[in-house]
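Report on the structure given below.
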Amino acid sequence: MEAMEVDSPVEMRGGGSEQPAAAAAAVDANTLHVISDSGSSTEVDEDDENDNEGRQTAARVPPRLPATWAFSQRAVRGSAATPSAAQGAPIRRRLRQGLRVHYPSQTAAPSRGFPDFLLRAPAASVAEPESGSTTEVSESDEEEEEEEEEEAHEESTPAAEPVHSLPPASPRLSASLQPQEASPTNSGSAADGERTEAQNQVVQSVLVASAFVQPSHGEEGEGDNCTICFEAWTTAGEHRLSALRCGHLFGFTCIQRWLKAQGPTAKCPQCNKKAKRSDIILLYAPKLRALDNSEQETLKKSLEQEQSLRRKAELESAQYKLKLQVVNNKCGQLQQQLQEVRALVAQARSSVPSSSSSSSSTSVLVGLSQRADGSRMAQYSFSKAVLVSQAGGSRVLSYCEPLSCLLASQPSPHSTLVPGCGVKKVSVVNMKASQYVPIHSKQIRGLSFNRQNDSLLLSAALDNTIKLTSLLTNTVVQTYNAGKPVWSCCWCLDNSNYVYAGLSNGSVLVYDTRDTSTHVQELQPLRSRCPVASLCYVPRAASSSFPCGGLIAGSLEGGCFWEQVNETTYRPHILPLEAAGCTDIQVETESRHCLVTYRPGRSNPSLRCVLMALNRTPQQDSSQLPSCSCSPVQTFSAGSSCKLLTKNAVFRSPDGDGTLVCAGDEASNSTMVWDAGSGSLLQKLPADLPVLDISPFAVNGEHFLASLTEKMLKIYRWE
Numbered sequence: 009m010e011a012m013e014v015d016s017p018v019e020m021r022g023g024g025s026e027q028p029a030a031a032a033a034a035v036d037a038n039t040l041h042v043i044s045d046s047g048s049s050t051e052v053d054e055d056d057e058n059d060n061e062g063r064q065t066a067a068r069v070p071p072r073l074p075a076t077w078a079f080s081q082r083a084v085r086g087s088a089a090t091p092s093a094a095q096g097a098p099i100r101r102r103l104r105q106g107l108r109v110h111y112p113s114q115t116a117a118p119s120r121g122f123p124d125f126l127l128r129a130p131a132a133s134v135a136e137p138e139s140g141s142t143t144e145v146s147e148s149d150e151e152e153e154e155e156e157e158e159e160a161h162e163e164s165t166p167a168a169e170p171v172h173s174l175p176p177a178s179p180r181l182s183a184s185l186q187p188q189e190a191s192p193t194n195s196g197s198a199a200d201g202e203r204t205e206a207q208n209q210v211v212q213s214v215l216v217a218s219a220f221v222q223p224s225h226g227e228e229g230e231g232d233n234c235t236i237c238f239e240a241w242t243t244a245g246e247h248r249l250s251a252l253r254c255g256h257l258f259g260f261t262c263i264q265r266w267l268k269a270q271g272p273t274a275k276c277p278q279c280n281k282k283a284k285r286s287d288i289i290l291l292y293a294p295k296l297r298a299l300d301n302s303e304q305e306t307l308k309k310s311l312e313q314e315q316s317l318r319r320k321a322e323l324e325s326a327q328y329k330l331k332l333q334v335v336n337n338k339c340g341q342l343q344q345q346l347q348e349v350r351a352l353v354a355q356a357r358s359s360v361p362s363s364s365s366s367s368s369s370t371s372v373l374v375g376l377s378q379r380a381d382g383s384r385m386a387q388y389s390f391s392k393a394v395l396v397s398q399a400g401g402s403r404v405l406s407y408c409e410p411l412s413c414l415l416a417s418q419p420s421p422h423s424t425l426v427p428g429c430g431v432k433k434v435s436v437v438n439m440k441a442s443q444y445v446p447i448h449s450k451q452i453r454g455l456s457f458n459r460q461n462d463s464l465l466l467s468a469a470l471d472n473t474i475k476l477t478s479l480l481t482n483t484v485v486q487t488y489n490a491g492k493p494v495w496s497c498c499w500c501l502d503n504s505n506y507v508y509a510g511l512s513n514g515s516v517l518v519y520d521t522r523d524t525s526t527h528v529q530e531l532q533p534l535r536s537r538c539p540v541a542s543l544c545y546v547p548r549a550a551s552s553s554f555p556c557g558g559l560i561a562g563s564l565e566g567g568c569f570w571e572q573v574n575e576t577t578y579r580p581h582i583l584p585l586e587a588a589g590c591t592d593i594q595v596e597t598e599s600r601h602c603l604v605t606y607r608p609g610r611s612n613p614s615l616r617c618v619l620m621a622l623n624r625t626p627q628q629d630s631s632q633l634p635s636c637s638c639s640p641v642q643t644f645s646a647g648s649s650c651k652l653l654t655k656n657a658v659f660r661s662p663d664g665d666g667t668l669v670c671a672g673d674e675a676s677n678s679t680m681v682w683d684a685g686s687g688s689l690l691q692k693l694p695a696d697l698p699v700l701d702i703s704p705f706a707v708n709g710e711h712f713l714a715s716l717t718e719k720m721l722k723i724y725r726w727e
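According to our numbering, the sequence shown holds residues 9 to 727 in order.
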């Protein structure tokens, strides 16, 4: 490696034995530090010295400390003093591009001991570059830095020392930094002084460079290094990223050696948990970052709790508002009645003599009660009786609004020509039976219409089928084979593409009218396998206390509400009904009430119709699902006989105020009409045979009630 040549005001001569010891102190402050350039050389022209003296100066270059020693020393950050430029003559320098050379203007005091120059290491106050990086400076940058350095030399104090900047140590530089005692010395005390002084300068420069080389572990490497060897782990190879069962991360070779060295009592280097070599797990991650989301999860749970409490409060508020509205309406009615009573009493006292005041007041009160309870003034009156089947056999009844006709099931009137069962059309315009439509081969147990006004009739029969019949053309358009006798059927009121069929084994089959092959889902019974005697669908109502929609299936052993979570998912809810004797369940969709009919038994010897309100408990948290149930509101009692599975009805009053309950009484062969609000019996409509089915309907603004027996259909008008 070539050396740099520098002119010095003090002439440096060879032959260290002839040089006095005090010559080391006379070395000028502008003594050149020769820096290795890994094979490159820098030429510096001088005016007063020949090439021989340049080579002698290069021969006196002191050895450098190895890079490993510089790495172990930490430079103290602080303010460094600057040398004075007045002690030496200016030096003319010419640098080659790509090499930065610093010329100190003042040398440090000579030191004989090795620890002395370590204590006087200058503090570094410059930024720390990354280890192994090199700096290339252009000629323009070199000139600007030289000018700034010369200005700093002129303005600095004489007691200050320079801050040296060196490029990273190369292998050749490390090889040159060997201890001076290892080589034989041929010079005298003056040469030793020069070497010691130059050595101090080189050591100070290396210590300053070591501050640049040391990485910032606290800022950049934290969490990316192995805690055993403090080296960065890799994504492949022997030092790849691995972890123990406790979760701490290490390099694979480091943790393997650690556990092997400790033997059977090996523990994790960080948490001291027991570990063994089989616990080492290799991680496949280019860069591992753990996000602390504990606070986020806590806030999420708090938000869910607040939302559930808010929903519960809103539901309770809506319920209380509804109750308050009902109470306010009743209070207003009572106040109005009270004012009418006071007015009538005052009028009676002023117009009637005192002798007959008692009799007149009695008549006034009777008239007042009739006027106050005006809803009881209107009632059903007999309108028409239509013969449906002369041989009997009628079972169920339904009303088709688009065609304004009633449909009653019956056996075929011409069994020899057209065997089986069908429906008889009865026009409500002229109150006459029109025609018979054959559908099934056995008895029909259920009839239902959808809300599409397409005159499409859904029917279920004991011949193991459900069928769709168009009443516009009086033909069957679709047939589904259920495999077992079908006891009931209904449409999905939220989606007209789905229909339901209740089987004799307690199952409910879900059919899609767009799929003509088979059923799409089967709802298995939760308890007994009694036949599903009744099916009714509850549509969704967002503003109601019972907002969910679903299917209510009633059997002889009780009832179950299948909540429709989505298009294909149903969640069952067992309704708290009596264990036995349930013959029919009907639903009033607007008020969300259902009417449950119980046949007479040992505990209750009479037929009972219990009006129940559907309710849903609010969801407390995300883990607990809401439950649907029903609670009894009113109970209506009829006769002591019930041999047939009759179908009853619950619907809004034609006056628009209140709810009416209608049920057939086998003991008296009549239709009983109750007021659901007060529980009082309003009417008892006579019939010649037990009433099997009841259907309310409206035509041209007039309200009617139809009751079906085995042979006759009786129609009553609301007046």
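We put the beta carbon where it would ideally sit given N, CA and C, even for glycine. Predicted model only: the values in this text are computed from it and were never measured.
Q.
Is Arg725 a contact residue of the ligand COA, with contact defined as CB to any heavy atom under 6 Å?
A. Among the components modelled here there is no ligand, and therefore nothing to report on the ligand COA.
Q. Taking only runs of the beta strand (DSSP E) that begin and end inside the region 616-693, which ones reach a length of at least 3 residues, in chain order?
A. 616-624, 636-645, 657-660, 667-673 and 678-683
**Q.** Per-residue burial, Cys339 [other beta carbons within 10 Å of its own, 16 or more giving buried]
**A.** exposed
Q.
Taking 8 Å as the limit between beta carbons, can you name the residues of its chain near Ala251, skipping five residues before and five after?
A. Leu257, Phe258, Ile288, Ile289 and Leu291
Q) Leaving out the 5 sequence neighbours to the left and right, which residues in its chain are closer than 6 Å to Ser435 when beta-carbon positions are compared? A) Cys413 and Ser442
Q: State buried or exposed for Leu249, treating a residue as buried only when at least 16 other CB atoms are found within 10 Å of its CB.
A: buried
Q: In the DSSP assignment, find the unbroken beta strand (DSSP E) run with Cys538 in it and report its ends.
A: Neither: Cys538 is in no beta strand (DSSP E) and is coded neither H nor E.
Q: Answer with buried or exposed for Cys429, where buried requires no fewer than 16 other C-beta atoms within 10 angstroms of its C-beta.
A: buried
Q: Could you say which of Leu330, Arg660, Met720 and Leu480 lies nearest to Leu603 if we only look at CA atoms?
A: Arg660
Q: Could you tell me the distance, in whole angstroms, from the CA atom of Leu267 to the CA atom of Gln304?
A: 37 Å
Q: Measuring alpha carbon to alpha carbon, tell me which of Arg537, Ala561, Cys556 and Ser688 ends up nearest Tyr508.
A: Ala561
Q. Given Ala469, which residues of its chain have a CB within under 7 Å of its CB, disregarding the five upstream and five downstream residues?
A. Cys429, His448, Lys450, Gln451, Ile452, Arg453 and Val494
Q) If we call anything under 7 Å between Cβ atoms a contact, is Thr643 one with Arg616? A) yes
Q. Using the C-alpha atoms, what's the distance from Asn280 back to Ile263?
A. 13 Å
(Q) So within the region 257-336, which uninterrupted beta strand (DSSP E) runs reach at least 3 residues, ignoring any that extend past its ends? (A) 257-259
Q: Compare the beta carbon distance of Ala646 and Met620 with 7 Å and say whether it is the shorter of the two.
A: no
Q) What residues match up with Phe457 in a beta bridge as DSSP calls it? A) Leu465
**Q.** Own chain partners of Glu530 with C-beta closer than 6 Å, once the 5 adjacent residues on each side are dropped
**A.** Ser515 and Leu517
Q: Using the Cα positions of Leu633 and His581, report the straight-line distance between them to the nearest angstrom.
A: 11 Å
(Q) Assuming Ala695 and Thr605 are in contact, meaning their beta carbons sit under 8 Å apart, how far apart are those beta carbons, in whole angstroms? (A) 17 Å between Cβ atoms; not a contact.
Q: Kindly list the residues whose CB is nearer than 8 Å to the CB of Met720, restricted to its own chain and excluding five residues on each side of it in sequence; keep chain order.
A: Ala393, Val394, Leu395, Val396, Ala695, Asp696 and Leu697
Q) Apart from the five residues on each side of it in sequence, which residues of its chain come closer than 6 Å, Cβ to Cβ, to Glu718? A) Gly400, Ser402 and Leu697
(Q) Here's the rule: buried if 16 or more other CB atoms are within 10 angstroms of the residue's CB, otherwise exposed. What is Leu668? (A) buried
(Q) Since Leu476 and Leu464 should fall inside the 8 Å C-beta cutoff, what is the C-beta to C-beta distance between them, to a whole number of angstroms? (A) 6 Å
Q. Does DSSP classify Gln341 as helix, strand or coil?
A. helix
Q: Could you pull the start and end residues of the beta strand (DSSP E) that Cys590 belongs to?
A: Cys590 to Glu596
Q. So, using beta-carbon positions, are Cys498 and Leu543 closer together than 7 Å?
A. yes
Q: Pick out whichever of Ser649, Ser676 and Asp683 has its Cα sitting closest to the Cα of Leu665.
A: Before going further, note that residue 665 is Asp rather than Leu in the sequence given. Comparing Cα-Cα distances from Asp665 to each of Ser649, Ser676 and Asp683, the minimum goes to Asp683.
Q.
Give me, in chain order, the residues of the same chain whose beta-carbon lies closer than 8 Å to that of Pro547; leave out the 5 immediate sequence neighbours on both sides.
A. Leu501, Asp502, Gly557 and Thr597
Q: Give the DSSP-derived three-state secondary structure of Arg725 in the structure shown.
A: strand
Q. Would you report the Cα separation of Ser553 and His601, rounded to the nearest angstrom?
A. 11 Å
**Q.** Closest Cα partner of Ser564 within the set Val528, His527 and Gly510
**A.** Note that residue 564 corresponds to Leu in the displayed sequence, not to Ser. Ranking the options by Cα distance to Leu564, first place goes to Gly510.
Q) So Cys650 and Arg610 are in contact, right, with Cβ under 8 Å, and what is the actual spacing, rounded? A) Contact flag wrong, Cβ pair sits at about 14 Å.
(Q) Please report the straight-line C-alpha distance between Pro130 and Cys237, rounded to a whole angstrom. (A) Low confidence applies here, because Pro130 scores a pLDDT of 42, under 50, leaving its location unreliable; read the following figure in that light. If I take the Cα positions, the gap works out to 30 Å.
Q) Taking the beta strand (DSSP E) that Ser442 falls in, what are its first and last residues? A) Lys440 to His448
Q.
Rounded to the nearest angstrom, what separates Phe4 and Asp232 at their Cα positions?
A. Summary: the structure shown does not reach residue 4, with the chain confined to residues 9 through 727, and so no result is reported for it.
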